Each structure stands twice: as C-alpha cells, then as structure tokens.
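**Q** Protein sequences appear in the order of chains A and B.
Take numbering that gives the first Met the number 0: the last position of the first sequence gets the number 382, and nothing is skipped along the way.
Take numbering that gives the first Met the number 0: the last position of the second sequence gets the number 382, and nothing is skipped along the way.
All C-beta atoms, glycine included, are put in the ideal place defined by N, C-alpha and C.
Computed from a predicted structure; not experimentally measured.
Protein chains: 2
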Amino acid sequence: MPRFPHTAEEMREVRASVFSRLAHRLASCSGEIYPFHVGDTYLDPAEGCRMEDLATADWPGLHRYAAPRGMPALLEALAARATVRHKVPTAVEDVLVSAGATGGIGAILGAILSPGDEVLILAPFWPLIDGIVRTFRGTPVAVPFLGVAESPESAVEIVERARTARTVALYVSTPNNPTGRVIPPTWLGALARWAELRGLWILSDEVYEDYVYRGEHAYLRSLAPERTFSAHSFSKAWGMAGNRCGYVVGPAAVMEALGKVVVHTFYSTPTASQAAALRALDGRGDAWAASARECYRPVGAAAARRLGIAEPEGSQFLWLDVAPALGEGGLERFLERCADRGLAAAPGPSFGPYPTHVRLCYTAAPPEATARGFERLAAILGR
Amino acid sequence: MPRFPHTAEEMREVRASVFSRLAHRLASCSGEIYPFHVGDTYLDPAEGCRMEDLATADWPGLHRYAAPRGMPALLEALAARATVRHKVPTAVEDVLVSAGATGGIGAILGAILSPGDEVLILAPFWPLIDGIVRTFRGTPVAVPFLGVAESPESAVEIVERARTARTVALYVSTPNNPTGRVIPPTWLGALARWAELRGLWILSDEVYEDYVYRGEHAYLRSLAPERTFSAHSFSKAWGMAGNRCGYVVGPAAVMEALGKVVVHTFYSTPTASQAAALRALDGRGDAWAASARECYRPVGAAAARRLGIAEPEGSQFLWLDVAPALGEGGLERFLERCADRGLAAAPGPSFGPYPTHVRLCYTAAPPEATARGFERLAAILGR
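Here you go:
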C-alpha cells in the first residue's frame, strides 16, 4: 500500500525525463547546441497571435477562468474546423479544449479507463502515451507496428494478436511520432472496421496533421465517428507549444466525462492561450503552418539523405537505428557522446522496445544550425 | 468493464458542473448579474504582469515548452518564498510549478494514490478535491469538521474516527473554502502530530493564505515538513486564475513522482503564465494582494452582517445555511429562484453533506454590485 514516505506503485513504472541526466553534459559544451531531442519548433507563432497581442482592454476576463470545456467562440470555430477536416458534421458538444493534446489525451484516458484496462499502442509511439495510460491506472500494451505492418490485412492481424479481454482502446499516431511515417488510409480503414467488430474505442493522435510531405493523411474519425477521439494541438501546428492549448473531438455522449477529467486535472485551458488560438483560427494559423511545412520539408529530407535513410513522409522527426555505431556502453554511452558534442537525441526505449534507435527532431533549431547538427551526427555515426 | 460506448465507472461518481443547468436562467435575466457561485476576482492582475506585458523579444521561447517542473528562475524564487513563509529551508528540488493548485493537487494525488486508497477530506471542502481523488482512482472520505471541531483534541478525535487501514492522506483547506474560517494553529499542530503517528501524508491547500482578516494562518509544512505538501496558487493570490499557474512545495524525495503526473496530464505549466508569475514575484504580486485584501475585507464583512452571520475570518466566501428559506423543491428550486433574480450561488452538496447550504463568493464582482447582490439575496431570504 502506498503510504508515507512512499508513492504509488503505479507511477514507479512511469519514466521520468531521461534527458535530465544528459543536460549537464550538453550545458558544458562550448560550441553550438543541437536540441534534436524535443519535439518543438524554433519559429515564433504568427504575428498578432502572440501573448503581447492580447490586450486586457480587448479581452475582458483575459486573466480569469475560462469555461472548463473551452471558450464558446473557440468551441464554435473548432466544431466548424472539424466538420470540414474530418468530413463529419460536428457540434460544439463534440469538442473539448484541452491543455495541449497531452491534456486532451489524458482527458480521454481518464474518462474511459478503469484500473487494469489495456490500451493497445501502435509502436514506435509518442513517448508520453505509455505514461498517460499508467497515470490513469490503465495498462499500456506496446504493439510494434510501424515498419512491421505491410498491408491492411497484416495491420489487423498485428492488433488482433495483441488484443485481450481487458483491451478497451487502440491508440494510433499518424503522421507518426517518432518515425515520420504516414499510415496509409486503407490501413486505417481496416483498423477502424476491426475496432468496430471488437467494440473498442479509438484514440487518434493527429497533432502532426498539417505536416505531411508525401502520402495522404486520413482522419480515423471520418471512418468511425461513433468511437473515435481525434486529438489535435496548436503546439505543433502553429508553434504554440508553451501555450498548452489543444482540443479533442469525439462523441458528444461521452464528452462530459472528458470534461470532468479536465476540471479535475488542470481545471481549464489557460484563457490567454485559448484567445491566442482563436485569433490564429482566422487564417493566420493555417498560413503559418503552410509556411512552416515548406520550411521543414527540405530540412528533414536533406537530413535523411545525409544519414542515408528514407525521407520523412510527415511529422517533424527522423527515426534512426544507430546499432552499427554502438560500442561498449550501448545507447546510453552513444547519447553521452552526442551530448558531449552538443547534440541531444531522444533514446529509442522511450518509444517502445527499440534499444538501438534514436529520434531526432529537425524543426527545433533553425535550418542552417540543424544542417550543421546532422553533419556532426553523420560524423559520429561514420556516415 | 468500461468498453465502448461506456466510460469508466470511477468517473460517473464525479460531479459535472452543477451550474450549467442554471446558466440559461441567469442568461435570460434582464438586470444585473451577481456571479457569486465562482471563486474568482473582478480585479485584473497587477500592471506589468499581464499577457500584453510579455514581449516575445524580451522572453525568447515564450511560446515554446517550459521545463515541465517549472522555469528555473521561477523555481528559485518560489523556493526562496517558501523558505520565508513556511519557515522551512526549501530548495528548488522541493518545488513543482503546476497548472494552478488544481494541477498541483492532482500531481500530489496522482503520485501517492493506488486504486481504493482513502483520503480524509475535512468538510465542508473545496468542491474539486472529491473529484480529483476519484480521477486518480482513490476514494474520498468527507469528514465534517468545520463547525464541528471545537479544540485540538476534538479535531484529532474527528479524523481518527474516520481513519481506516486504507487511509493514506489528510486534506486540509485553510483559510477555508467554503466556510471562510481559519483553522487555529493549535488545531493544525494536533493534526500534524496525529498524521505523524499514523504515517499519513498531509495535503495542505493554502491558496487563500494571503486572504486572512482575523486570526492567524499557520503553515502545516512548518509543523511536519517531511510529510506535508503545500499547494499554492497565483489564481486567488494575484488575480491570475485564467493563467493556470500555481505550485506545490513538498519533500524533494517524492517531487519527481509529482513531476511525472504533471508531464502526463498537462506536460508543463504554460510558459507565459510562468513568466507572468515570475514578474509578479518582484513585489508587485504581494502589493496587489495587500490591496485586494483591504478591498475584500469590508465587502465580506458587510455582506455577512446583512445576512446576520459571523464575519469571515479568511478566503473569499460566505457559507450560509438557507434551510429556513427552502420550500417545496428544496435547494434546487431555491437556486433557480436566485438565478431568476440574476444571482448565482454554489449549492452545499458540492462541498460535502450539506443539503441546505450555499456558498457565496463576494470578490467575483465589484464591491458596489456585490453589495446590491447581497441586498437582493437578503430579500429572497426574508432577512
């Protein structure tokens, strides 16, 4: 039993930041720093959509509580957006504003999980999903999928093999973090039909929906609106990660349960962050994303070519097996060697059973610096 | 088992907002509106500490992720503040910045609760605490205390009677929401010694620490630093509720576990909100609070006198038994009658087993409007 001075057993399995151990090495570098370990952007948000643009005089109550499920005007704009993007008629009752996609996915899992319920997570996966399932006392089940599935049929075989009597949901991230892959629409269609057959919820993490360079992004909610939660974020889309504003679209009948989790974990999404999102929804956000996408595309492609791997299809990451470069000390020692050269990379085990991979974000530093960082990495790898 | 289309049984017990049912009645009022149901302030934050004062040029990375446990400069300022206020030497490792006290208390409970663990909650209580315990799959146990305990000895008797083998923590809110009472230091000392004897964690909700009008606020962390989590907020203190920024101070050994919950529920406290708090920590916040306190004090006292109840000792609320005014339809009908006259009140059952009470916030509207609202309430009550 967790009792003073102990904490709950359930949280011991959750990873703390693996990066803090490397931070001091990076900090002691004298040269340029390449922060490829985080998923972020070096770009500031669109002009007019920054904190300094939000005058208290124009926004009465800017520093007071917002409605926990979202400002009415923002909910309306997001319902209209989801109607167009998902091609599903969407009402404000289907939408929940959240503290980033993290807060939104927490709200979903907090609403649907009882202790011990299992969530199938297509791997490699966004590192926080494993811990969010555990935080709400569920059991994450990593299902190696990207790079394994080869067709709609094999996609279904893979998830069906992992399913048990305790499985309640399937988590999908596409465009994928960390692999940069875009899961083909036909595969998503097969997974949606399988979830329907098995009576499962679907969590569709689409925070990189605007960052597709090749292939086509399909919305799972278009395919199974009755059971799909779409998680979106302005963090990645519009360079507002620090604002902590995202949203979830899902079946109205259960959105009140998600709202309860929001109220009891962070109460409401920051009012100014919602106001900034609302301003950006007038077209400035989408214009920013279109420009950022064209900026990111050649950077990711060039980095991939330099490392001799396939160019990314989407998202803001490269996923790289560094097994040939690992000597004694394995991945940990490799990451230390990188950090000593100013280069931070995220370790494969944060993304599932990948002891020799690293994830590299090519959008967290300006393009020229990023190119120099990948040159340095190629040298470390002997490529 | 929670399975599509159902949600988790654990969340069904959590109250959704009771206010939404009354909102349309309030909205259809033609006259002045008295929003006494929320805990908020009508005042804007200190000048220089608003969103419009945060220029991206001065704050590089203002819209990018902050460190999940808090910006280093903010952590340092808060550790120094806790050292002085709690009279306990406090390091940055003892501090966690959170999405308001709500996010901080969620981080505490997420870190210490296993399913079924019980938390003793001194009642009447802050309405969210019950649901936060449930959100992290624990069991809240309401312990009627304020208005019942009469001495340090009876305080201990009351909590000891409620303790079971599953009890892991005691939750205390003082200055108290909703009663406006300040729990005497000698009672807190007795509770701290009891928690030590019984091996329990202590959650001390001190978001109204700056709003004491009579009596003395004692910090439980001063009395039992090894087992006490102090939850603080800039929401109430400095009129920044919409920013969602607060902090927790507790034993360094377990703060990493709290940090994991933060990362997996909202990732980090909004960067701009942390920057605003840091600016206000230069003295402007405390000056604001001193001025707000002198503004609130006579408003609360006058409202209490008008209703014929004791003047508040602290916080921003009056707690009122309206039993004599309840006719057929009980409290629900009474709240509807109030709403029809533009007056919103929070229902007693949100605060524990109080079927005939209401909570009234006297700081959410300007003093003159508040006085008119209480005049109207007195008329409804026939006082």
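#1: To the nearest whole angstrom, what separates the beta carbons of A:G389 and A:P311, a pair I think is in contact under 8 Å?
#2: For the alpha helix (DSSP H) that A:F373 lies in, which residues bound it at each end?
#3: Could you check which residue in B:S203, B:A141, B:P71 has the C-alpha nearest to that of B:L121?
#4: Under 8 Å, with one C-beta from each stretch per pair, do the region 143 to 157 of chain B and the region 117 to 133 of chain B reach the 3-pair mark?
#5: So for B:R296, helix, strand or coil by DSSP?
#6: Within 10 angstroms of its Cβ, does B:L196 collect 16 or more other Cβ (buried), or is it exposed?
#7: For the beta strand (DSSP E) holding B:C360, just list the boundary residues, first then last.
#8: Can you check DSSP and say which residues form a bridge with B:T166?
#9: Considering B:I131, what are the terminal residues of the beta strand (DSSP E) in which it resides?
#10: In whole angstroms, what is the alpha-carbon distance linking A:A22 and A:G351?
#11: Let me check one thing: in DSSP terms, what residues is B:V247 bridge-paired to?
#12: Give me, in chain order, the residues of the same chain whose beta-carbon lies closer than 7 Å to that of A:A363; leave out the 5 immediate sequence neighbours on both sides.
#13: Which chain A residues sit within Cβ distance under 7 Å of B:I120?
#14: Should B:F228 and B:S203 be called a contact, given that it needs their Cβ atoms to be closer than 8 Å?
#15: B:E51 versus chain A: which residues are under 7 Å apart at the beta carbon?
#16: Which one of B:M50, B:G381, B:Q273, B:G30 has the shortest CA to CA distance from B:A324?
#17: Can A:Y210 and A:Y295 be called in contact, C-beta distance under 8 Å?
#18: Please decide whether A:G146 counts as near chain B, where near means a Cβ-Cβ distance under 8 Å.
#19: What did DSSP end up calling A:G313 once you bin it into helix, strand or coil?
#20: In the DSSP assignment, what are the bridge partners of B:Y64?
#21: Taking only the alpha-carbon atoms, compute the straight-line gap between B:V261 and A:H5 and give it to the nearest angstrom.
#22: Return the bridge partner residues of A:V142 from the DSSP annotation.
#23: Please confirm whether B:A240 and B:A288 have their CB atoms less than 8 Å apart.
#24: Three or more C-beta pairs under 8 Å: does that hold for the region 88 to 100 of chain A against the region 242 to 250 of chain A?
#25: Whose Cβ in chain A lies nearer than 7 Å to the Cβ of B:K259?
#26: Could you tell me the alpha carbon to alpha carbon distance between B:A128 and B:V171, rounded to whole angstroms?
#27: Going by the DSSP bridge assignment, what does B:S203 pair with across the sheet?
#28: Based on Cα-Cα distance, which residue from A:S29, A:G130, A:T82 lies nearest to A:A15?
#29: B:P269 and A:R243 - do their beta-carbons sit closer together than 8 Å?
#30: With 16 other CB atoms within 10 Å as the buried threshold, where does A:D281 fall?
#31: Can you name, in chain order, every residue of its own chain whose Cβ lies under 7 Å from the Cβ of B:P88, other than the five neighbours on each side?
#32: In this structure, how does DSSP classify B:G155 when only helix, strand and coil are distinguished?
#33: Taking A:D209 as the query, report the chain B residues whose CB atoms sit under 9 Å from its CB, ordered along the chain.
#34: Leaving out the 5 sequence neighbours to the left and right, which residues in its chain are closer than 7 Å to A:A433 when beta-carbon positions are compared?
#35: Could you please give the first and the last residue of the uninterrupted alpha helix (DSSP H) stretch that includes B:W193?
#36: Is any beta-carbon of chain A found at less than 8 Å from that of B:Y33?
**A** Put simply:
#1: Here chain A has residues from 0 to 382 only, and residue 389 of chain A is not among them.
#2: Counted as a single uninterrupted DSSP element, the alpha helix (DSSP H) harbouring A:F373 occupies residues 366 to 380.
#3: Answer by Cα proximity: B:A141.
#4: Note that the region 143 to 157 of chain B touches the region 117 to 133 of chain B; at least 3 beta-carbon pairs, one per stretch, sit closer than 8 Å.
#5: In the structure shown, B:R296 sits in a helix (DSSP, three-state: H, G or I).
#6: That one is exposed.
#7: Run containing B:C360: 356 to 360, per the beta strand (DSSP E) assignment.
#8: Partner(s): B:E117.
#9: Judged by DSSP secondary structure, B:I131 falls outside any beta strand (DSSP E) and instead within the alpha helix (DSSP H) spanning 126 to 134.
#10: Their Cα atoms are separated by approximately 22 Å.
#11: For B:V247, which the question treats as bridged, DSSP gives the partners B:L95, B:A230.
#12: Cβ neighbours of A:A363 within its own chain (closer than 7 Å, five residues either side excluded): P34, F35, V37, D39, T40, Y41.
#13: Chain A residues near B:I120: none, gap ~14 Å exceeds 7 Å.
#14: For the 8 Å CB-CB criterion, B:F228 and B:S203 form a contact.
#15: Going along chain A in sequence order, the residues near B:E51 (Cβ under 7 Å) are E51, L53, A54, T55.
#16: The shortest Cα separation from B:A324 among B:M50, B:G381, B:Q273, B:G30 belongs to B:G381.
#17: A contact, by the Cβ cut-off of 8 Å.
#18: No - not a single Cβ of chain B is within 8 Å of the one on A:G146.
#19: The answer is strand: DSSP assigns A:G313 an E or B state.
#20: As far as DSSP is concerned, B:Y64 takes part in no beta bridge.
#21: When rounded, the separation of the alpha-carbon atoms in B:V261 and A:H5 is 18 Å.
#22: Looking at the DSSP output, A:V142 bridges to A:L121.
#23: Against a cut-off of 8 Å, the Cβ pair of B:A288 and B:A240 comes out as no contact.
#24: When C-beta atoms of the region 88 to 100 of chain A are compared with those of the region 242 to 250 of chain A, three or more pairs fall below 8 Å, so the two segments count as touching.
#25: M10, V13, A15, G130, listed in chain order.
#26: In the sequence as displayed, the identity of residue 128 of chain B is Ile instead of Ala. One Cα belongs to B:I128, the other to B:V171, and the distance between them is close to 10 Å.
#27: B:S203 is bridged to B:V171, B:S229.
#28: Residue A:G130 is the option with its Cα nearest to A:A15.
#29: Cβ atoms of A:R243 and B:P269: closer than 8 Å.
#30: A:D281 should be labelled exposed.
#31: Once the five neighbours on either side are set aside, the close Cβ partners of B:P88 are T82.
#32: It is worth fixing the name first, because residue 155 of chain B is Val in this sequence and not Gly. If DSSP states are grouped into helix, strand and coil, B:V155 belongs with the helices.
#33: In chain order: nothing, as chain B lies at least about 17 Å away.
#34: Nothing can be reported for residue 433 of chain A, as the shown portion of chain A is limited to 0 through 382.
#35: Its alpha helix (DSSP H) spans residues 184 to 197.
#36: Output row for B:Y33: interface = no.
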